[in-house]
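Enquirer:
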């Protein structure tokens, strides 16, 4: 599976807390992904399935690493 991340720079720059977050050393972000598809069991039973995941994470400005991550999944 490939994943493409699109950052909306205009929304990111319009966030009033961005500068203070940057100066504090950690930038908090959240992500949401939804995957939908079909599952076939023994090529007889076919089901539509959907799963979603939401993550809150902090990125360190100094070393550009994820410092904390909390994800919640649902199906």
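Residue numbers (the working numbering): 247 to 321.
Even glycine gets a Cβ: it sits at the ideal position worked out from N, Cα and C.
#1: Comparing C-alpha positions only, which one of 272, 284 and 264 sits nearest to residue 312?
#2: Quick one: give me the first and last residue of the alpha helix (DSSP H) that residue 262 is part of.
#3: Measure how close the beta-carbons of residue 276 and residue 260 come, nearest whole angstrom, since I'm counting them as under 8 angstroms.
#4: What does a CB cutoff of less than 6 angstroms around residue 278 pick up in its chain, not counting 5 residues either side in sequence?
#5: The beta strand (DSSP E) that contains residue 306, what's its start and end?
#6: In this structure, what does DSSP give as the bridge partners for residue 277?
#7: DSSP has residue 223 in a bridge; who is on the other side?
Expert: Let me lay it out:
#1: The shortest C-alpha separation from residue 312 is found at 272.
#2: Taken as a continuous stretch (DSSP letters only), residue 262 belongs to no alpha helix (DSSP H), as it is neither H nor E.
#3: Wrong, their Cβ atoms sit about 16 angstroms apart, outside the cutoff.
#4: The residues are 300.
#5: 291-306 is the span of the beta strand (DSSP E), which, as asked, contains residue 306.
#6: Answer by DSSP bridge pairing, in chain order: 301.
#7: Outside the shown range of the chain, which is 247 to 321, sits residue 223, and nothing can be said about it.
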